[in-house]
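Enquirer: Using our numbering, the first residue of the sequence shown is number 2, and each one after it goes up by one.
If you scroll down you'll find the structure; I have some questions about it.
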Amino acid sequence: MVRLRKPSIYKTPDELRAMVRPGLLTEAALVAVRAAIRPGITTGELDAIAEQTIRDGGGIPNFQLVPGYRHTLCVSVNDEVVHGIPGDRVLQPGDLVSVDAGAEVDGWNGDSAFSTVVPGGDATITAARQRLVDVTERSLWHGIAALARARNLNEVGDAVEDAIDGTGTWGIVEDFTGHGIGRSMHEDPPVFNYRIRGAGPAVRPGLVVAIEPMVTAGTIDSSTDDDDWTVRTLDGTDAAHWEHSVAVHADGVWVLTAADGGASGLAPLGVTPVPIP
Ligand code: MG
Ligand code: MG
């Protein structure tokens with residue numbers, strides 16, 4: 002019997018440096034999409050903007066490398082949690098839109114997502130959706146801050162859960178997790194968005210993970226549509242999704258999918274990211 006050695010989840014300093022470009026290109030695609038979001042634009046048009054940005058930057062949209070998927074983005078609206086397929090859907094005032102993208106450069110990957118509320122629409126609904134977006138983003142930064150201090154990876158999930166539970170009654174989607182990232186967009190280890198038994202792998206230099214809380218205004222349960230992709234909340238409540246790819250290195254942590262390495266998001270939590278040496 003041949004035993005295949007599992008690749009290490011810890012990258013070398015050279016490998017960490019190779020992940021800077023795909024991270025920044027992923028962010029550039031999301032910045033371009035965010036700037037284009039307005040009532041009347043279709044999710045397919047947003048997809049084209051992201052693809053153009055990634056290809057102009059010398060990268061490959063890595064979602065297109067996932068078997069069976071041919072788009073650059075996932076765009077998930079209102080009760081859609083993740084994996085919404087871009088197409089003819091026209092964004093309406095007040096829609097809660099979650100946009101997920103990834104770029105591959107020289108065989109290394111980035112993966113990041115944000116949620117936002119389309120301007121306009123009913124003020125009460127918009128305010129509730131913005132609150133969900135903000136709570137979810139905040140929980141991501143708490144998770145990243147926890148990673149900066151953690152001995153073991155599952156402390157991230159503790160921090161995400163605590164950040165969400167401290168702000169009201171929300172549901173953390175449990176059908177999906179974050180993940181390691183590197184040569185492939187999805188690698189070991191899983192990164193939980195909630196407290197689980199067991200400590201998880203040691204947090205030490207070379208660990209690179211995508212942390213991606215998915216939070217709803219109600220249930221923790223989701224279902225997948227007949228298109229085999231679109232994931233929506235089982236109770237029809239709204240959902241938000243935020244994600245960053247984060248590297249742990251000898252001198253600290255660096256958010257690969259943020260131009261400032263996560264400095265602005267982490268500052269309120271007392272963490273200063275350090276560029277990869
Ligand atoms: Mg993603
Ligand atoms: Mg991901």
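From the three backbone atoms N, C-alpha and C, an ideal C-beta is built for every residue, glycine too.
Quick test of your reading: residue 98 and residue 119, contact by CB under 8 Å. State the CB separation rounded to the nearest angstrom.
Expert: So it is a contact: roughly 6 Å between Cβ atoms.
Enquirer: Could you pull out every residue in the same chain whose Cβ sits closer than 8 Å to the Cβ of residue 273, ignoring the five residues on either side in sequence?
Expert: Contacts found: 253, 264 and 267.
Enquirer: By alpha-carbon positions, which one of 75, 31 and 15 ends up nearest to residue 44?
Expert: Comparing Cα positions, the closest option is 75.
Enquirer: Given a threshold of 16 other Cβ atoms within 10 Å of its Cβ, counted over all protein chains shown, does residue 12 qualify as buried or as exposed?
Expert: Classification of residue 12: buried, given that the 10 Å Cβ count is 16 or more.
Enquirer: Work out the CA separation of residue 38 and residue 260 for me, nearest whole Å.
Expert: So the alpha carbons of these two residues sit roughly 20 Å apart.
Enquirer: Helix, strand or coil for residue 128 per DSSP?
Expert: If DSSP states are grouped into helix, strand and coil, residue 128 belongs with the helices.
Enquirer: In angstroms with no decimal places, state the Cα-to-Cα distance between residue 125 and residue 218.
Expert: Distance between the alpha carbons of residue 125 and residue 218: 14 Å.
Enquirer: Is there contact here, the region 45-53 with the region 128-142, by at least three beta-carbon pairs under 8 Å?
Expert: Result no; under three Cβ-Cβ pairs closer than 8 Å.
Enquirer: Do residue 95 and residue 117 have their beta-carbon atoms positioned less than 8 Å apart in this structure?
Expert: Cβ distance not < 8 Å, so residue 117 and residue 95 don't count as in contact.
Enquirer: Can you tell me where the beta strand (DSSP E) with residue 212 in it begins and where it stops?
Expert: Start and end: 209-212.
Enquirer: Considering only DSSP beta bridges, list what residue 225 is partnered with.
Expert: DSSP lists 232 as partners of residue 225.
Enquirer: Does the beta carbon of residue 88 fall short of 7 Å from some heavy atom of ligand 1?
Expert: Incorrect: residue 88 has no Cβ contact closer than 7 Å to ligand 1.
Enquirer: Give the secondary structure of residue 113 by DSSP, where H, G and I count as helix, E and B as strand, and everything else as coil.
Expert: It is a strand residue.
Enquirer: Nearest to residue 105 by CA position, among 245, 41, 65 and 211, is which residue?
Expert: Closest option to residue 105, Cα to Cα, is 65.
Enquirer: How would you label residue 226, buried or exposed, when you count the other beta carbons within 10 angstroms and need 16 or more for buried?
Expert: Exposed: under 16 other Cβ atoms inside 10 Å.
Enquirer: Does the pairing of the region 186-199 with the region 226-237 give three or more beta-carbon distances under 8 Å?
Expert: Touching, no, given that fewer than three Cβ pairs across the two stretches are closer than 8 Å.
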